Every structure is written in structure tokens, then in C-alpha cells.
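Engineer:
Residue numbers (UniProt numbering): 1 to 69.
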């Protein structure tokens, strides 16, 4: 899976293992069940679930408030 401009996105591994690679970053990461990472740059990220992986993508950007009149 390709995530474009993923800054601020929290990637959570709920089961199995998840491999991720951030564009132009020399090292990759592997998340095990129960681990998470927050993408700190606006680069693209490639995710690959290893067998039985379950992942959640959580936006860290607050939603704008809607004003009611």
C-alpha cells in the first residue's frame, strides 16, 4: 500500500507484523503487534503486511470545527 504525503499519520500494527519504508529514508521499520509509529515527514510511505497483519491508520490532524449559527 502506498501512502502519499503521510505526515502526522499514526500507523498501528494490531496483529502480525508490518514492514514500512519511507521515501528517501535509509532505514526501514518493522512493527510487531501492539506497536505504532507516527510519520514525522511529508514523504510517501510504502506499507507491506507480513502474514496475518492487521493495521490501522489514524489521522493525527484535528478536524476543523463547524460553527453553528
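The beta-carbon is built from N, C-alpha and C at its ideal position, and this holds for glycine as well. All values reported here derive from a predicted model rather than from experimental measurement.
Quick check: the Cα distance between residue 53 and residue 13, rounded to an integer number of angstroms?
Structural biologist: One Cα belongs to residue 53, the other to residue 13, and the distance between them is close to 7 angstroms.
Engineer: Buried or exposed for residue 11, going by 16 or more other Cβ atoms inside 10 Å?
Structural biologist: buried
Engineer: Anyone know if the C-beta pair for residue 2 and residue 55 falls short of 7 angstroms?
Structural biologist: no
Engineer: Suppose the cutoff is 6 angstroms on Cβ atoms and the five residues either side in sequence are ignored; what does the same chain contact list for residue 40 look like?
Structural biologist: none
Engineer: What would DSSP say about residue 32, mapped onto helix, strand or coil?
Structural biologist: strand
Engineer: Looking at the secondary structure, which residues open and close the beta strand (DSSP E) in which residue 60 lies?
Structural biologist: It is not in any beta strand (DSSP E) - residue 60 carries neither H nor E in the DSSP assignment.
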